[in-house]
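Chains A and B supply the protein sequences, listed in that same order. Everything in the first sequence is counted per full-length UniProt numbering, starting at 1 for the first residue and increasing by one. Everything in the second sequence is counted per full-length UniProt numbering, starting at 1 for the first residue and increasing by one.
There are 2 protein chains.
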Amino acid sequence: MLILRQDISRLTIQRMVLYHSVLKLMQEEGITICISKELGRRTGISPHLIRKDLAYFGEFGTKGVGYATGYLYRRIEEILGYDTSWNTVLVGLEMPTVVPIMCYPRLWPEAVKIVAVIDLGKQNQGVAVHNLGLTIESIDNIKDIICSRKITIGILAVPPSHAQNTADQLIQAGIKGIVNFSSFPIIAPEDIAITQVNMTSLFSQLTFDLKHVAMKDSCS
Amino acid sequence: MLILRQDISRLTIQRMVLYHSVLKLMQEEGITICISKELGRRTGISPHLIRKDLAYFGEFGTKGVGYATGYLYRRIEEILGYDTSWNTVLVGLEMPTVVPIMCYPRLWPEAVKIVAVIDLGKQNQGVAVHNLGLTIESIDNIKDIICSRKITIGILAVPPSHAQNTADQLIQAGIKGIVNFSSFPIIAPEDIAITQVNMTSLFSQLTFDLKHVAMKDSCS
């Protein structure tokens, strides 16, 4: 099935991820048939919107019966691209040579496999990265690394001042998608898929709320 | 200044974070006066919207002159709560005992300090966490940990099936805000600030786009 991505809104995709998580839990609980009302109760999304979201991708259920939990789960997995392995390169600057919670298996999509780690700094070259079984490499070999390991995704974990330049190098070397963890938007050709993840920004709503709301002290 | 958080939209806060990043870069470049047109050029946000966002929080510039870069930077830092230190507890389940890229100083807000690490699993108790200078503790001592170290933020990095239960324990122990990295929404009282961060979801738009778009091969 070829889906034209411009027809599907980002919000639909985000909700599909939520359906995917809930269906996983339901499977673990041994629930074999699921109705959109129950999916709605567990996700907080209206059953009408759930049926509408799923309808973009085909017919998955039987009217009056519901969806087969396992089947719907696997179909959403396919739709989201989680049934494929996505070889990924992680690029940072003077990173600690340890592997992150961010990449900790329970929180990280299983389909995304880090197969290379590059550090823009000179002093970490050749250092082993615990947990990944990899050695830190140089950006100078980026083209070789991407082509020989069939890498499609680059994770950009460099400071803002290096973000655009590094993205340009990755794109030139053949990368197809970038997850940008630097706190700065990058510009890329239209055929490159980009996801911006700004940790500072994710925390800012919280620190803003906490700063401007009087807090009860539960400890005294 | 007391700001009523319900008056300020989440999008305004997200844009403030972007102004903050750009102003930091401009300071590093030695630019002492900045006009909204230049902030707009660098952020991709219209100068009109920039002036409107800033106006929520007061008068920062002089008409026809612009903003003093350093002053505006520090004021936004205050508004976002980055001028305060937020003591934070990280809670996971069977975490690798290493510190994450997620917490790697260049990508992580400086104001958020991890002062305790809890693992719900038994086997990691007492193990040292490299880079943080901390030792993994038990959830049984959560009330003591939160109160004695004046912790306001909890980072939830547990699997979905443990998310709500762990959040409840944190809230009961006095936590004020939660950054939820588990891929499942949690329910909390209204006075608890919550930020959801779903890594799988962040990657899903990318894997969806990559899966459903024909890709040119740059390597052959």
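Glycine included, C-beta positions come from ideal geometry on N, C-alpha and C. Owing to the predicted nature of the structure, the values given are computational and were not obtained by experimental measurement.
Any C-beta of chain B under 8 Å from that of residue i
| i | result |
| --- | --- |
| T195/A | yes |
| I76/A | no |
| Q164/A | no |
| K176/A | yes |
| P109/A | yes |
Backbone secondary structure at residue i - three-state DSSP
| i | result |
| --- | --- |
| I8/B | coil |
| Y82/B | coil |
| Y67/A | strand |
| L202/A | helix |
| L93/B | coil |
| T55/B | Reading off the sequence, residue 55/B comes out as Ala, not Thr. Residue state, collapsed to three classes: helix. |
| G61/B | strand |
| I114/B | strand |
| M1/B | Its pLDDT being 42, under 50, M1/B is placed unreliably in this model, and the value from its coordinates should be taken loosely. Of the three classes helix, strand and coil, the one that applies to M1/B here is coil, per DSSP. |
| C103/B | Interpretation of C103/B is limited by its pLDDT of 49, a score under 50 that renders its predicted location unreliable; no figure is taken from the coordinates. |
| I194/B | strand |
| I50/B | helix |
| T88/A | strand |
| I33/B | strand |
| V22/A | helix |
| V17/B | helix |
| G44/A | coil |
| V98/A | Bear in mind that the predicted position of V98/A carries a pLDDT of just 45, short of 50, making it unreliable; the figure below should be weighed with that in mind. Note: V98/A maps to coil in three-state DSSP. |
Per-residue contacts from residue i into chain B (C-beta, under 7 Å)
| i | result |
| --- | --- |
| L25/A | P160 and S161 |
Contacts that residue i makes with chain D (C-beta to C-beta distance below 8 Å)
| i | result |
| --- | --- |
| V17/B | Given the protein chain composition of this structure (A and B), no chain D is represented. |
Contact set between residue i and chain B, taken where Cβ atoms lie within less than 8 Å
| i | result |
| --- | --- |
| D53/A | Going along chain B, no residue has its Cβ under 8 Å from D53/A, so there is no contact; the nearest lies around 13 Å. |
Beta-carbon neighbours of residue i, restricted to chain A and to distances below 9 Å
| i | result |
| --- | --- |
| R41/B | Here the premise fails: no neighbours, minimum Cβ distance about 13 Å. |
| I153/B | F203, L206, T207 and L210 |
Whole-angstrom C-beta distance between residue j and residue i, which should lie under 8 Å
| i | j | result |
| --- | --- | --- |
| Y82/A | I50/A | Y82/A to I50/A, Cβ: 19 Å. No contact. |
| V91/A | A157/A | 7 Å |
| L209/A | A193/B | First, the residue type needs correcting, since residue 209/A is Asp and not Leu in the sequence shown. Contact holds; Cβ gap of about 4 Å. |
| S36/A | F184/B | Not quite, the Cβ-Cβ distance comes to about 19 Å (not below 8 Å), so this is no contact. |
| V89/A | I151/A | 5 Å |
| T207/A | A111/B | 6 Å |
| L132/A | G154/A | With 8 Å as the limit, L132/A and G154/A do not qualify as a contact, their Cβ atoms being about 16 Å apart. |
Interface partners of residue i on chain A, CB under 7 Å
| i | result |
| --- | --- |
| V112/B | F203 |
| Q14/B | S201 |
Contact list for residue i against chain B, beta-carbon separation under 9 Å
| i | result |
| --- | --- |
| K122/A | Near K122/A there are no residues of chain B at all, since even the closest Cβ is about 17 Å away, more than 9 Å. |
Neighbouring residues, chain A, relative to residue i (Cβ below 8 Å)
| i | result |
| --- | --- |
| V179/B | L202, F203 and L206 |
Neighbour flag for residue i against chain A, beta carbons, 8 Å
| i | result |
| --- | --- |
| Y82/B | yes |
| D119/B | no |
| G44/B | yes |
| D209/B | yes |
| S9/B | no |
| S21/B | yes |
Mind pulling the beta strand (DSSP E) runs of 3 or more residues that sit fully within the stretch 119-189 of chain A? 134-137, 153-157 and 177-180
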